[in-house]
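Q: Residue numbers (the working numbering), protein chains in the order written: chain A, 1 to 193; chain B, 1001 to 1193.
Using N, Cα and C, we set each Cβ at its ideal position, and we do this for glycine too.
Number of protein chains: 2
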Amino acid sequence: MDLTEKLLESKEVFDGKLLHVYRDEVSLPNGASSTREIVRHPGGACVCAIDSDLNVAFVRQFRYAYGMEVLELPAGKLERGEEPYFAAARELREEAGLISDDMIPLGELFPSPGYTDEIIHMFLAFNPEPCGQSLDMDEFVKVEKIFLVDAVNMVLNGEIRDAKTQTCLLKAYMLMEYLSAQEEDEEDKEEGK
Amino acid sequence: MDLTEKLLESKEVFDGKLLHVYRDEVSLPNGASSTREIVRHPGGACVCAIDSDLNVAFVRQFRYAYGMEVLELPAGKLERGEEPYFAAARELREEAGLISDDMIPLGELFPSPGYTDEIIHMFLAFNPEPCGQSLDMDEFVKVEKIFLVDAVNMVLNGEIRDAKTQTCLLKAYMLMEYLSAQEEDEEDKEEGK
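1. Can you tell me which of A:GLU190, A:TYR66, A:ALA65, A:ALA57 puts its alpha carbon nearest to the alpha carbon of A:GLU72?
2. To the nearest angstrom, report how far apart B:TYR1173 and B:VAL1152 are at their CA atoms.
3. Under 8 Å: do the segment 7-17 of chain A and the segment 98-115 of chain A share three or more Cβ pairs, one atom per stretch?
4. If you pair each beta-carbon of the segment 148-167 of chain A with each one of the segment 177-188 of chain A, do three or more pairs fall below 8 Å?
5. At a CB distance below 9 Å, what residues from the segment 99-131 of chain A approach chain B? Give them in sequence order.
6. Based on DSSP bridge pairs, tell me the residues matched to B:GLU1108.
7. I want to see whether chain B comes within less than 8 Å of A:GLN133, judged by CB atoms only; does it?
8. Since A:ASN153 is in the beta strand (DSSP E), which residue starts that stretch and which ends it?
9. Pick helix, strand or coil for A:ALA83, following the three-state DSSP scheme.
10. Report yes or no: is there a C-beta of chain A within less than 8 Å of the C-beta of B:LYS1017?
11. I'd like to confirm the pairing. Which residues does DSSP put opposite B:PHE1062 in its beta bridges?
12. Taking C-alpha atoms, which residue in A:GLY44, A:ASP117, A:ASP53 lies nearest to A:ALA89?
13. What does a CB cutoff of less than 8 Å around A:ASN55 pick up in its chain, not counting 5 residues either side in sequence?
14. I'd like to check one pair, A:VAL70 with A:ARG63: are the Cβ atoms closer than 8 Å?
15. So if DSSP puts B:HIS1020 in a beta bridge, which residue, or which two residues, is it bridged to?
16. Alpha carbon to alpha carbon, what distance is there between B:ASP1136 and A:GLU177?
17. For A:VAL26, return the contacting residues in chain B, with the cut-off set at a CB-CB distance below 7 Å.
18. Given that a residue counts as buried once 16 or more other Cβ atoms are within 10 Å of its Cβ, and exposed if not, what is A:ASP24?
19. Is there at least one non-hydrogen atom of the ligand NAP closer than 7 Å to the beta-carbon of B:SER1027?
20. How would you write the range of the beta strand (DSSP E) that B:ALA1163 sits in, first residue to last?
21. Which residues in the same chain have their Cβ closer than 8 Å to the Cβ of B:LEU1170, if we skip the five residues on either side of it in sequence?
22. Between the Cα of B:PHE1028 and those of A:PRO29, A:LEU28, A:HIS41, A:GLN61, spot the shortest distance and give me the residue it belongs to.
23. Cβ closer than 7 Å: which chain B residues qualify as neighbours of A:GLY156?
24. Cβ closer than 8 Å: which chain B residues qualify as neighbours of A:GLN61?
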C-alpha cells in the first residue's frame, strides 16, 4: 500500500528567528484528511572528534528547553547554503576550538520525525589540533575531554542523553573497534601467523 | 561559571493539537537578554522488542515532515499522566501487535535540545507475543521484522536514520552482546574451565 500523504493546504503558524512552524492539511491513504503540525528546520551537523589518546571533545551548555546543562558533541545548525561537512568543521572550530583535516561522515539522524524535518549530519574527526574557541557573543560553552570508552559507558548508563551525541558516539566507537580489529588482522598476516 | 538562563517573559506563539510553541525572553549568564524559541512536548516512549530468534519488530510509516516512509521502532507520545513504561507497552501492542512481560529501560533521549523539551524513554522488550495491531483510524503502519545484526548494520550503513531507533538499537545490541558474553563466562565456570 502507498502510504503517501498529500498536501492539501499549508499555513505558516509561526515565523520565528529559528523555528518555522506549519499547520498543513493533508489527505491520508484512505482518502480522509488530517492535520500535520511540523517544524521546518535548516538542519545541522555534529562531530565526534577523537585524538590519538582516544579522548573525545565535548561541549557542556545550558539548554533552556530542559532547564539544565547538557553534555553534547560540538554541533550547530547549517548556515544558508552550507555543506554539512563544512558546518561540522566550523562548529568543531568555534565551539571546541579544534581543527581536523581527517573527517568522515557517520550518516544522518532524524531527531523526531513526528513533527520536525530536521536532519543532523554526523561526522567522525581524527586527531584534532587546538586552534582556540570563537563563540558567538551569546554562546556559553564549556569544553570537556572524555576518554572514548568512558563516554560510551556514559551513554549506556544514561548520563549522556542528547540524541546525536548518543548515536554518533556509539557509531564512532563501533567503527573504531572495527578498524582496530582490521589493523590487528593485518599485523597478524604480516607476521605470518 | 553558572550557565543558567533565567526566564524573563514567556509567550505562547502557537497552541496546536500536538505542538505548543513558545517564544521566551531569557537573561544570559553575562546579564544580556536573548530569545528562546522552543517546542513544549509531552514526551514519548519507544521499544526495541527482540524475539528468541533475535528478530526486532519495526514499523514503517509515512512521515509527512520528510515526505517519505521512515523505518522506526514502535513508539508514540505519552498520554496525559501516563508512565513511560506503560506508553512503551501500549505502543508495542497498538503499532506492532505485540505484548511482552519482560521489558527493561534503556535510558532517555533528548531529540534536539536546541528547541524542544521532548524526552523519549527507550525500552528493550524480550520475547514479545503476537496479540494483533490496534491502530488509530488515521494511522497507517506496516510491521517488519529484521534480524538484530542486520538492523545494526542498517544503522551503521545509514539506512536507518530515525534518532530513537538508531540509539535504542545500538544500546540493545551492546547490552545483548554483554549479556551473551556473561552467559558464556558462567558456562565456562560451571564446566570448570
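A: According to the data block:
1. A:ALA57
2. 7 Å
3. no
4. no
5. PRO105, LEU106, GLY107, GLU108, LEU109, PHE110, PRO111, SER112, PRO113, GLY114, TYR115, THR116, ASP117, GLU118, ILE119, ILE120
6. B:HIS1121
7. no
8. Element bounds for A:ASN153: not the beta strand (DSSP E) but the alpha helix (DSSP H), 148-156.
9. Checking the displayed sequence, the identity of residue 83 of chain A turns out to be Glu instead of Ala. Three-state result, A:GLU83: coil.
10. yes
11. B:GLU1069
12. A:GLY44
13. LYS145, ILE146, PHE147, LEU148
14. yes
15. B:ASP1015, B:ARG1040
16. 43 Å
17. TYR1064
18. buried
19. Among the components modelled here there is no ligand, and therefore nothing to report on the ligand NAP.
20. Counting along the chain, B:ALA1163 falls outside any beta strand (DSSP E), though it belongs to the alpha helix (DSSP H) covering 1163-1190.
21. VAL1152, VAL1155
22. Per the sequence shown, the amino acid found at residue 1028 of chain B is Leu instead of Phe. For B:LEU1028, the nearest C-alpha among the options comes from A:GLN61.
23. Reading off the sequence, residue 156 of chain A comes out as Leu, not Gly. Correct list: LYS1171, MET1174.
24. LEU1003
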